[in-house]
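Contents: one structure, followed by commentary.
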Amino acid sequence: MGKEEMWGCIYTRCTFVYLFDLYVCDYPMKFVHLHTHSHYSLLDGLAKIDDLIDRAKELGMEALALTDHGNLYGAVEFYVKAKKAGIKPLLGLEAYVAKGSRLDRQLVKDESTGTGKKAKENYNHLTLICENETGWKNLLKLSSSSHLEGFYYKPRIDREILNQWHEGLIALSGCLGGEIAQFCVQGRMEEAEATAREYLSIFGKDNFFIEIWHLPHIPDAAIAVKGLKEIAKKLNIPMVATKDIHYARPEDAQYQDILLAVQTGNTVNDANRMSMMDENYAMNSAEEMASWFPDVPEVIENTNKIAERCNVTLELDEFEAIHLVDYIAMDVKAPLEKYSMVANVPVDCKKIEESINIIKNSGIRHEFRTTVLKSMLTDRDLAKIKNISSGAKLKLQKCNEEFLIPVV
Numbered sequence: 419m420g421k422e423e424m425w426g427c428i429y430t431r432c433t434f435v436y437l438f439d440l441y442v443c444d445y446p447m448k449f450v451h452l453h454t455h456s457h458y459s460l461l462d463g464l465a466k467i468d469d470l471i472d473r474a475k476e477l478g479m480e481a482l483a484l485t486d487h488g489n490l491y492g493a494v495e496f497y498v499k500a501k502k503a504g505i506k507p508l509l510g511l512e513a514y515v516a517k518g519s520r521l522d523r524q525l526v527k528d529e530s531t532g533t534g535k536k537a538k539e540n541y542n543h544l545t546l547i548c549e550n551e552t553g554w555k556n557l558l559k560l561s562s563s564s565h566l567e568g569f570y571y572k573p574r575i576d577r578e579i580l581n582q583w584h585e586g587l588i589a590l591s592g593c594l595g596g597e598i599a600q601f602c603v604q605g606r607m608e609e610a611e612a613t614a615r616e617y618l619s620i621f622g623k624d625n626f627f628i629e630i631w632h633l634p635h636i637p638d639a640a641i642a643v644k645g646l647k648e649i650a651k652k653l654n655i656p657m658v659a660t661k662d663i664h665y666a667r668p669e670d671a672q673y674q675d676i677l678l679a680v681q682t683g684n685t686v687n688d689a690n691r692m693s694m695m696d697e698n699y700a701m702n703s704a705e706e707m708a709s710w711f712p713d714v715p716e717v718i719e720n721t722n723k724i725a726e727r728c729n730v731t732l733e734l735d736e737f738e739a740i741h742l743v744d745y746i747a748m749d750v751k752a753p754l755e756k757y758s759m760v761a762n763v764p765v766d767c768k769k770i771e772e773s774i775n776i777i778k779n780s781g782i783r784h785e786f787r788t789t790v791l792k793s794m795l796t797d798r799d800l801a802k803i804k805n806i807s808s809g810a811k812l813k814l815q816k817c818n819e820e821f822l823i824p825v826v
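Following this line, the structure appears as structure tokens:
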């Protein structure tokens, strides 16, 4: 038996043992969806956060990632609800990476026609997941920069800020719209390999993974996956299986299709519009995911390894106690020197004046209508107020009602 035949037999046996354990032995299959869109992927994802969590619970998932398109709008809601449901939340996003600079706002030459097309197509996808609090802070910076500096049809980042704010992040190569995948589809394998090496250099060899998917009805997907596997093997990059979830259950596909029609300004009867009905983008079970990748079983296990590595704690219950009258003073029609008596604590009147002037000069219409109630003096009630404050630090000062000055 030759060397190649020997290794072929070993590989076949290992695959058989894996599938035997999966389908014959009574072991619960574990898998984590690392590429998931909610309705915060605006006019693209259908599922509400609750729908995704309910479906994950139904399938016995222990962890789940949220990776909406270019934003973190649903991150806190997802974190809180997943924790409550007993599911480990993995916070991330599917970033739009500009092919050049995020600051570019130019037309891109179309090689086939010689004409220009708008730069709204001048980006690729990249999946980013937070491993720790440092990664979360860096993801916030990337997201903010994409909206404040890189927004041109889409909120875009680029390699410059990825190099600056990559620490604590795990990157996946993205969906079929990923840069490496697109090079593979176009047969530009040298550029695909060079891009993979570049991302390896940015994130580090333990923090960059190749995504592969099961999209049997999309011819380009098979071409891309073949190329991605070759690059992963050549550069020794670990692979993960992802689903690119856009709705929770298969029967939701028709409703997501209507959502896409709204996004593109078409009717559902328009045959030439963008649609995702050719494939299933629902959340699948671990067993279904494993059945699609029998030749590379490690792509299932690697999702669990990533989930184990990711541990982010958001401090959402932090109260900052300061000796300032933050809501009482705005109600009381009294000289500043009387504020101290109102709150029954020493008061820095200069800070109050400064705060009021900032609000007045902001140009924002404002009105202060607050009432001090006994029922709002408990920590539980303060927590209710904090939940309305969009995650900002809450600065409230309890007061002694006996010293309130009547409003004139």
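No gaps in the numbering here: position 66 of the sequence shown is 484 in the numbering used here, and each next residue is one more.
Quick reminder that beta carbons are idealized off the backbone N, C-alpha and C, glycines included.
From the options, residue whose alpha carbon lies closest to that of residue i
| i | options | result |
| --- | --- | --- |
| Ser562 | Leu511, Ala503, Gly595 and Asn550 | Leu511 |
| Ala666 | Leu587, Ile676 and Lys475 | Lys475 |
| Leu829 | Asp486, Asn654 and Ala503 | The structure shown does not extend to residue 829, since the chain is modelled only from 419 through 826, so no value can be given for it. |
| Ala671 | Pro446, Asp462 and Met447 | Asp462 |
| Ala589 | Ser703, Lys506 and Ala614 | Ala614 |
| Asp624 | Pro656, Ala612 and Gly596 | Pro656 |
| Pro446 | Leu464, Lys506 and Ala704 | Ala704 |
| Val658 | Arg727, Met694 and Pro715 | Pro715 |
| Ile579 | Gln524, Gly518 and Ala612 | Gly518 |
| Thr660 | Thr545, Gly568, Leu734 and Leu477 | Thr545 |
| Trp631 | Val717, Leu477, Met694 and Leu460 | Val717 |
| Leu734 | Arg473, Lys448, Leu477 and Lys499 | Lys499 |
Own chain residues within Cβ distance below 8 Å of residue i, not counting five before or after
| i | result |
| --- | --- |
| Thr682 | Arg691 and Met692 |
| Pro573 | Gly488, Asn489, Tyr514, Ser561, Ser564 and His565 |
| Ile636 | Leu594, Asp696 and Glu697 |
| Asp522 | Ala516, Ala537, Asn540 and Tyr570 |
| Ala642 | Leu594, Ala599, Gln600, Cys602 and Val603 |
| Val450 | Met479, Glu480, Ala481, Leu482, Ala483, Leu508, Thr721, Asn722, Ile724 and Ala725 |
| Asn581 | Ile620 |
| Arg577 | Val515, Glu616 and Ile620 |
| Pro668 | Asn698 and Ala700 |
| Asp688 | Ala679 |
| Met694 | His664, Ala671, Gln674, Asp675 and Leu678 |
Chain-order list of residues whose beta-carbon lies under 6 Å from that of residue i (same chain, five-residue window excluded)
| i | result |
| --- | --- |
| His591 | For the sequence presented, residue 591 should be read as Ser rather than His. The answer, listed in chain order, is Ile598, Ile628 and Glu629. |
| Glu593 | Sequence inspection shows Cys at residue 593; the Glu mentioned does not correspond to that position. Closer than 6 Å at the Cβ level, and outside the excluded window around Cys593, lie His543 and Asp662. |
| Leu633 | Ala639 and Glu697 |
| Arg787 | Its pLDDT being 39, under 50, Arg787 is placed unreliably by the model, and the measurement read from it follows with that caveat. Contacts found: none. |
| Glu772 | none |
| Leu732 | Tyr497 |
| Glu495 | Ile467 |
| Phe626 | Ala589, Tyr617 and Leu618 |
| Lys559 | Trp583 |
| Ala493 | Leu509 |
Per DSSP, cross-strand counterpart(s) of residue i
| i | result |
| --- | --- |
| Thr454 | Ile663 |
| Glu551 | Looking at the DSSP assignment, Glu551 forms no beta bridge with any residue, so it has no partner. |
| Lys572 | Tyr570 |
| Val658 | Glu629 |
Residue range of the unbroken alpha helix (DSSP H) whose run includes residue i
| i | result |
| --- | --- |
| Leu678 | Ala671 to Thr682 |
| Glu616 | Met607 to Phe621 |
| Glu629 | That residue, Glu629, is in no alpha helix (DSSP H); its beta strand (DSSP E) goes Phe626 to Ile630. |
| Arg473 | Ile467 to Glu476 |
| Val603 | Glu597 to Val603 |
| Lys448 | That residue, Lys448, is in no alpha helix (DSSP H); it is neither H nor E in DSSP. |
| Leu580 | Arg577 to Gln582 |
| Arg727 | Glu716 to Arg727 |
| Glu706 | Ala704 to Ser709 |
N- and C-terminal bounds of the beta strand (DSSP E) containing residue i
| i | result |
| --- | --- |
| Gly645 | Unbroken run through Gly645 is the alpha helix (DSSP H), Pro637 to Leu653; no beta strand (DSSP E). |
| Lys506 | Lys506 to Ala516 |
| Tyr541 | Tyr541 to Cys548 |
| Asp486 | Ala481 to His487 |
| Ala689 | Here Ala689 belongs to no beta strand (DSSP E), and DSSP marks it neither H nor E. |
| Ala589 | Leu587 to Leu590 |
Cut-off 7 Å between Cβ atoms - residues of its own chain near residue i, not counting five sequence neighbours on either side
| i | result |
| --- | --- |
| Thr685 | Ala679 |
| Asn550 | Gly586, Asn729 and Val730 |
| Ala610 | Ile598, Phe601, Cys602, Gly645 and Ile649 |
| Tyr491 | Tyr458 |
| Glu785 | Because the pLDDT of Glu785 is 43, which lies under 50, any placement of that residue in the model is unreliable, and the question is left without a value. |
| Leu464 | His457, His664, Tyr665, Asp670, Tyr673, Gln674 and Leu677 |
| Ala406 | Absent from the model: residue 406. The displayed extent of the chain is 419 to 826, so no value can be given. |
| Cys548 | Leu509, Gly510, Trp554, Leu557, Gly586, Leu587, Cys728 and Val730 |
| Lys501 | Pro507 |
| Asn702 | Lys661 |
| Glu567 | Arg520 and Leu521 |
The ligand HEM heavy atom lying under 6 Å from the CB of residue i
| i | result |
| --- | --- |
| Tyr571 | Within the structure as shown, the ligand HEM is missing, as the structure has no ligands at all. |
Three-pair Cβ contact test at 8 Å for the region 603-612 versus the region 466-479: no
Any 3 or more C-beta pairs closer than 8 Å across the region 646-656 and the region 451-461: no
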